[in-house]
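Since the structure comes first, as structure tokens, the remarks are kept for the end.
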Amino acid sequence: MTQIAVTVNGTRREADVEPRTLLVYFLREQLGLTGTNVGCDTSSCGACTVHLDGESVKSCTLLAVQADGREVMTIEALAEADGTLHPLQDAFHRHHGLQCGYCTPGMLMAAASYLKENPTPTEAEVRESLEGNLCRCTGYQNIVESILDAAGQMSGAKS
Amino acid sequence: MIPAPFDYARAGSVEEAISLLGSDPDAKVLAGGHSLLPAMRLRIARPSMLVDIGRIADLSYVREDGDRIAIGALTRHHDVANAEVLQQLCPIVAHAAGQIGDPQVRHMGTIGGSVAHGDPAGDLPSVLLALDAGFVAQGPTGTRTVAATGFFTSLFETALAPDEVLTEIRVPKATAGWSFMKFQRRAQDWAVVGVSAVRANGGVHVGLTNMGLTPLRAVGVEEAVGGGADPASAAARADEGTAPPDDAFGSAEYRRQLVKVLVRRALEEALP
Amino acid sequence: MSRKQMPGVIGVFTAADLDDAFPAGLPMVWPITEDIKIPTHWPLTKDVIRFAGDAVAVVVAGSRAQAEDAAEEVAVRATELPVVLDLEEAAKDQVVLHEDLGTNVVVHWSHGGGGDQAIFESAPVVVQERHLQPRLIPNAIEGRGCLAYGIPAAGEFTLVSSTQIPHITRVGLSITTGIPQTKLRIIAPDVGGGFGSKLNIYAEEALALALARQLGRPVKWIEDRQENYLATTHGRGVIHDCTLAGTEDGKILGLKFVELADMGAYFQLLTPGIPELGGWVYMGPYDVDAYWYEFTGIMTNATPTDAYRGAGRPEATYVIERLVDAFARRIGKDPAQVRRMNLHPPHVDAQTSIMGLNVDSANYEPTFDRALELAEYDQMRKEQAARRESGDVRQIGIGLSSYIEMCGLAPSEILGALRYVAGGWDAAEIECRPFGKVVVRTGTSPHGQGHDTSWSQIVADGLGITPDDVEVLHGDTAVSRLGMDTYGSRSAAVGGEALRQAVEKVKEKARIIAAHELEVSEDDLEWADGAFRVRGAPDKARTIPDLATSAWQAHSLPQGVEPVLEGTAVYDPPNFTWPAGTHVCVVEVDTETGKTDVLRYVAVDDCGVVINPMIVEGQVQGGVAQGIAEALYEEAVYDGSGNLMTSSMTQYLIPSAMEIPDMILDRTETPSTTNALGVKGIAEAGTIASPPAVINAVVDAVSHLGVTEMGKPASPERVWRAIQEATKGSPGVSGGLDGATPAQQEGGAS
């Protein structure tokens, strides 16, 4: 067992983990944060995307010990504490950007990370930013629309 | 798909990593983990110990160093892709790094990890080979620089000793003309075949991805271009000395054909 | 190593250890013929490992990691037996999977044909082709998984499972495990996609229940992606010998298909019925004089096949539409022109089709014309001509696909005639709570289709309340007692109609109470603006929430009226529904590398009346994406020893947002005559229509080079080879099948 201390969604969490514990299972099973999903086990599908120090990573291909001393943000912290949806969540809701919802946490976290990097993307850029996130339900069209809409809302709010 | 158990040690310095590696012949270096962890999840790789070098300070940088650009081994693909120094002075490296995997992979994977893994299907190794990059390795007895041409020795094997740590990648400035052609099925996939072409010393260097057990140089093409051949006739020699794999992504025969098309297109782009 | 030495291991079990746990094998509920040969399918194999995925032992441990560690240590002493994967080889019975059956050829079915069969030899133009459709892996992004728990002393158990079919599972697993249905509750919580792969009853579900019973503790099983690829059902895996009879001027006289279907190593829930589901649509939307369809189901050493989005109908549509294009090429006519002149004439009422079933309504021409208009068909043809003229490396191709599908499964009487074990009805209960909220219990079991949304709309529209006041409950046999679950584009057409009828029942009762309270006769009431109002005095009114409250209080109900405002309907559809449409795909093919990009995709569908346009569009977009994936990327490949080579998402190529284009969608609306809602179904249309549209486009892009044949998926290498073959002047890609499964075959037709 290795002791780690990870700041998860703003709260410092200390735990003993086996070195082989993947970050996603640490989040799901030890911390009970089940919003992060496992889809493929091979870092292909992106359902497990979380933020590590503010950037998107695939938590199925990361050991919990690698997150020691760092900040992790999961889908559970994307909305405001009072339940107000993040502009991305709101846009996914309005544009029917999800069907079964399983890939959605990963899509949202990937998009949230990308929009920090590029707040005013083109459609092609949004599609490229999602190359590591697979969805089997939507055909992506409404996901892309949702992200473009949210980008507009977010950059509009800032300016 | 959980890795088999292993011991974990975090190295605070390169020296400590070297000493840890020396203590266990089945130990492996963990950098970003994006080549190693998938193999460990399949239990194809079962190291007894992981030596995590990810926290070693000062191994993540990109800086101009005389006529070279020095890239710290722990520099993530994302940071390589966005490094202005590279974008201006060696754009093919920045561009190729931006084509690796997907954004999440680029946020974790490192240039040193890609090089040390020695995957013939990796994007960066053949680019670095075409650039005649130098790889700085530190071991128990000191530091040495290995030329890219002698670095990739076999499938997933490199000139690094088990207790050596790759610390820096050194590339020349290369702004004269270049092309990076990655042919893949899906955006996130490994290259079926990849070609990098860089103008150098009046000629051209051509690196090939996924055309053999290691990243390769298309020596025949380079010779032909040096001898004044046009891109089409030079590209006809693109598969000389290659041994492309035969897999679900393409037969060897197809790859031999594909590499000629990609090399021709790369030469046309790099040699205006 | 003994299990005592392995940390965390609770037990290791083989079939012998669980011999008493299963009074019966896993269920197959569609014995489509009298003489079908049905292999017994135990949750753990008792003798022979018949496919990679046929489990021999189960490890129960305290954690997933411990269980995986222990599973590695399980030593299987096995003798290697020969395997057979190729359908025609398997049919020779040199290697027989199930000794007790004596043959791999387990089922043969034909619906008997229609019209003059002589036409297939005597017609002026006879086009014959062979087409292969490889196995596909459905790939719900959430794999399967289940949790079994209960009160062993009381014999009561609950199974939480990622399934499309909680109600059917309760019946099936009761038989397999011996737990009475009265003591078995199945819960399908939020389910992360299904696409048919969770329309099944699986070994792991039966094992989890049996082990929970045996061990007296909860047992959880979560599939990883490798297991999903090996042990969750595959789709497709068929070979068709096809014949089109026609005239020189483009009239299609007859369509005939003889199919070989890969069943895999066992039957799963519906395996032999899947080709038959396609068997009723092999005329497409065309008006033909003659029709023939038959199929032979063959066992192979591979994962069992079963429903995958469209289930039989994509396979059918693919070969029809490939054949129509081949016919157009043969007679030198534009494929759009040939399709349009053969479309079945419109009818607003149900009409018996050449295959013997009644098509509920049809109006194909407006749909077809709109698709061509949106695709700018003529402009695209000009662009294509220009690129051909200039010898561009990148050529464009235009592909069409017109389809009809049979949805709304299904009239119980017809299912009975087709030897399906269950019925095809569905049920809905509406409970109007006091003070305004309404609870709906539906027998459908959504896993991404948005029933909560659409069902709320049906109820809110019907009862004059807002959708936010409606709570839709589903997917739990203890909550929604009655149901037949979600598959086969049935939910709106059957479950939605059941809900509409339940709404009417609520309103009937509400009207009686309203009349009583307003002291008028029922005939003096009208339903207007969301309330029962007195004719001529609209301010005298009672809303449903008003009436629900008084029915719950029951302080003053009319004589003979029971308290509580609720309504239940069980609805058995009188007919199937028959959506139709036309899709157009424009691709660009790099003739040097063989790589195909989709430039434009147009889908114009007619799914009858639309309840929620956004949900309908979402279903089309997702379905088309899966169809493009089928056409260009996806294929399950086995090696000669029966190992699945495409064993993860790094090798089985599910396309991303980078590969799937924006789609242009539109609809026409021809109401169904089967149900009062007028709905037909949309969930499978995209997957049915799109693969041939894409492949036809790829062929069209390089047909000027002499290419007429193309296997699926049209991978860059396959396209490149087709071009090489054609430009060498050789006769085309060989259709020979020796020594290869459909998945391994290179070429398409011969």
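As they're listed, the protein sequences go chains A, B and C. 1 is the number of the first residue of the first sequence in our numbering; add one for each residue after it. 160 is the number of the first residue of the second sequence in our numbering; add one for each residue after it. 432 is the number of the first residue of the third sequence in our numbering; add one for each residue after it. Each residue gets a CB set at the ideal place from its N, CA and C atoms; glycine is no exception.
Check distances from the C-beta atoms of the region 1087–1105 of chain C to those of chain A and list, in chain order, the residues that come in under 7 Å.
Answer set for the region 1087–1105 of chain C: Ser1087, Ala1088, Met1089, Ile1091, Asp1093 and Met1094.
Going by the beta-carbon positions, is the gap between Pro470 (chain C) and Tyr697 (chain C) smaller than 8 Å?
For the purposes of this step, residue 470 (chain C) is taken as the residue at position 39 of the third sequence. For the purposes of this step, residue 697 (chain C) is taken as the residue at position 266 of the third sequence. Taking 8 Å as the Cβ cut-off, Pro470 (chain C) and Tyr697 (chain C) qualify as a contacting pair.
Could you check whether Met837 (chain C) and Ala346 (chain B) sit closer than 8 Å to each other, using their CB atoms as the reference points?
For the purposes of this step, residue 346 (chain B) is identified with residue 187 of the second sequence, where counting begins at 1. For the purposes of this step, residue 837 (chain C) is identified with residue 406 of the third sequence, where counting begins at 1. It is not a contact, given that the beta carbons lie outside the stated cut-off.
Whose Cβ in chain B lies nearer than 7 Å to the Cβ of Glu504 (chain C)?
Position 73 of the third sequence, counted from the first residue, corresponds to residue 504 (chain C). The contacting residues do not exist; Glu504 (chain C) stays about 11 Å from chain B at best.
For the region 116–141 of chain A, list every residue whose C-beta sits within 8 Å of some C-beta in chain C, in sequence order.
So the list reads Glu123, Val126, Arg127, Glu128, Leu130, Glu131, Gly132, Asn133, Leu134, Cys135, Arg136, Cys137, Thr138, Gly139, Tyr140 and Gln141, given in the order they occur along the chain.
Can you check whether the C-beta of Gln416 (chain B) is within less than 8 Å of a C-beta belonging to chain A?
If you number the second sequence from 1, residue 416 (chain B) lands on position 257. For Gln416 (chain B), the answer is no, since every Cβ of chain A falls outside 8 Å of its Cβ.
Can you check which of these residues, B:Val264, B:Val221 and B:Val352, is closest to Ser410 (chain B) by C-alpha distance?
Start at 1 with the first residue of the second sequence, and residue 410 (chain B) comes out as number 251. Selected option, being the one with the closest Cα: B:Val352.
Around the C-beta of Ala509 (chain C), are 16 or more other C-beta atoms found within 10 angstroms, so that it is buried, or is it exposed?
As a first step, residue 509 (chain C) must be located in the third sequence, where it is residue number 78. Exposed, by the Cβ-count rule.
When DSSP labels each residue in this structure, what does Lys682 (chain C) get in the three-state scheme?
Counting from 1 along the third sequence, the entry for residue 682 (chain C) is found at position 251. Note: Lys682 (chain C) maps to coil in three-state DSSP.
For the region 281–350 of chain B, list the beta strand (DSSP E) runs that are entirely contained and at least 3 residues long, ordered along the chain.
DSSP runs (the beta strand (DSSP E)) wholly in the region 281–350 of chain B: 293–298, 301–306, 311–313, 324–331 and 337–342.
Determine the DSSP secondary structure at Gly609 (chain C), reduced to helix, strand or coil.
On the third sequence, position 178 is the one that residue 609 (chain C) refers to. In the structure shown, Gly609 (chain C) sits in coil (DSSP, three-state: anything other than H, G, I, E or B).
Quick check on DSSP: helix, strand or coil for Lys936 (chain C)?
Position 505 of the third sequence, counted from the first residue, corresponds to residue 936 (chain C). Residue state, collapsed to three classes: helix.
Hey, which unbroken runs of the alpha helix (DSSP H) at 4 residues or more fall wholly within the region 1051–1108 of chain C?
Listed in chain order, there is nothing to give.
In the DSSP assignment, find the unbroken alpha helix (DSSP H) run with Arg396 (chain B) in it and report its ends.
The residue you call residue 396 (chain B) lines up with position 237 of the second sequence. No alpha helix (DSSP H) contains Arg396 (chain B), which DSSP labels as neither H nor E.
What are the start and end residues of each continuous beta strand (DSSP E) run of 3 or more residues lying completely inside the region 752–829 of chain C, in chain order?
Runs found: none.
Check for me: the beta strand (DSSP E) holding Ser1146 (chain C) runs from which residue to which?
Start at 1 with the first residue of the third sequence, and residue 1146 (chain C) comes out as number 715. No beta strand (DSSP E) holds Ser1146 (chain C); DSSP gives it neither H nor E.
Classify Asp120 (chain A) as buried or exposed, calling it buried when 16 or more other Cβ atoms lie within 10 Å of its own Cβ.
Start at 1 with the first residue of the first sequence, and residue 120 (chain A) comes out as number 120. A small fix is needed here, since residue 120 (chain A) is Thr in this sequence, not Asp. Looking at its Cβ environment, which holds fewer than 16 other Cβ atoms inside 10 Å, Thr120 (chain A) is exposed.
Taking the alpha helix (DSSP H) that Tyr114 (chain A) belongs to, which residues open and close that run?
One-based indexing of the first sequence puts residue 114 (chain A) at position 114. From DSSP, the alpha helix (DSSP H) with Tyr114 (chain A) extends over Thr104 to Glu117.
Given that a residue counts as buried once 16 or more other Cβ atoms are within 10 Å of its Cβ, and exposed if not, what is Asn1074 (chain C)?
In the third sequence, residue 1074 (chain C) corresponds to position 643, counting from 1. The residue is exposed, with fewer than 16 neighbouring Cβ atoms inside 10 Å.
What residues from chain B crowd round Thr1077 (chain C), counting only those whose CB sits closer than 8 Å?
Mapped onto the third sequence, residue 1077 (chain C) falls at position 646. Ala407, listed in chain order.
Going by the DSSP bridge assignment, what does Gly362 (chain B) pair with across the sheet?
If you number the second sequence from 1, residue 362 (chain B) lands on position 203. DSSP, once it has assigned bridges, lists B:Ala359 as partnering Gly362 (chain B).
Looking only at its own chain, which residues have a Cβ that is under 7 Å from the Cβ of Gln1252 (chain C), when we skip the five neighbours before and after it?
Residue 1252 (chain C) lies beyond the stretch modelled for chain C, which goes from 432 to 1181, so this question has no answer here.
Taking the alpha-carbon positions, what's the Arg358 (chain B) to Pro284 (chain B) distance?
Taking the second sequence and counting its residues from 1, the one referred to as residue 358 (chain B) is at position 199. Taking the second sequence and counting its residues from 1, the one referred to as residue 284 (chain B) is at position 125. Each residue's Cα considered, the two are about 17 Å apart.
Using a beta-carbon distance cut-off of less than 8 Å, what residues from the region 99–114 of chain A approach chain C?
For the region 99–114 of chain A, which is checked against every Cβ of chain C, the residues closer than 8 Å are Gln99, Cys100, Gly101, Tyr102 and Cys103.
Please confirm whether Ala923 (chain C) and Ser885 (chain C) have their CB atoms less than 8 Å apart.
The residue you call residue 923 (chain C) lines up with position 492 of the third sequence. The residue you call residue 885 (chain C) lines up with position 454 of the third sequence. Contact: yes.
Listing by chain order, which chain A residues have their CB less than 9 Å from the CB of Val264 (chain B)?
Taking the first residue of the second sequence as position 1, residue 264 (chain B) is located at position 105. By Cβ distance, chain A contributes Ser43, Val57, Lys58, Thr61 and Gly132.
Could you check if Lys1111 (chain C) is buried or exposed, using at least 16 other CB atoms within 10 Å of its CB as the buried criterion?
Taking the first residue of the third sequence as position 1, residue 1111 (chain C) is located at position 680. Buried, by the Cβ-count rule.
Along the region 493–522 of chain C, where does the CB come closer than 8 Å to a CB of chain B? Name the residues.
Flagged, chain order: Arg495, Ala496, Glu499, Asp500 and Glu503.
Nearest chain C C-beta to Cys40 (chain A) closer than 8 Å, yes or no?
By 1-based counting over the first sequence, the position of residue 40 (chain A) is 40. It does: the Cβ of Cys40 (chain A) has a partner Cβ on chain C nearer than 8 Å.
How should His193 (chain B) be labelled, buried or exposed, when 16 other C-beta atoms within 10 angstroms of its C-beta is the threshold for buried?
To locate residue 193 (chain B), count along the second sequence from 1; it is residue 34. When all chains shown are included, His193 (chain B) counts as buried.
Starting from Ala47 (chain A), find everything on chain C with Cβ-Cβ shorter than 7 Å and list it in chain order.
To locate residue 47 (chain A), count along the first sequence from 1; it is residue 47. The answer, in chain order, is Ile572.
Is DSSP giving Trp723 (chain C) helix, strand or coil here?
By 1-based counting over the third sequence, the position of residue 723 (chain C) is 292. It is a strand residue.
Taking the straight line between their C-alpha atoms, what separation do you get for Ser605 (chain C) and Pro898 (chain C)?
As a working mapping, residue 605 (chain C) is identified with position 174 in the third sequence. As a working mapping, residue 898 (chain C) is identified with position 467 in the third sequence. Their Cα atoms are separated by approximately 37 Å.
Determine the DSSP secondary structure at Gln699 (chain C), reduced to helix, strand or coil.
By one-based count along the third sequence, residue 699 (chain C) stands at place 268. Correct three-state label for Gln699 (chain C): coil.
Between the Cα of Ala619 (chain C) and those of C:Ser987, C:Gly681, C:Lys938 and C:Ala909, spot the shortest distance and give me the residue it belongs to.
Counting from one through the third sequence, the residue named residue 619 (chain C) turns up at place 188. Minimum Cα distance to Ala619 (chain C) is reached at C:Ala909.
Does the beta carbon of Arg28 (chain A) come closer than 8 Å to any beta carbon on chain C?
The residue labelled residue 28 (chain A) in the question sits at position 28 within the first sequence. With 8 Å as the cut-off, Arg28 (chain A) does not count as an interface residue toward chain C.
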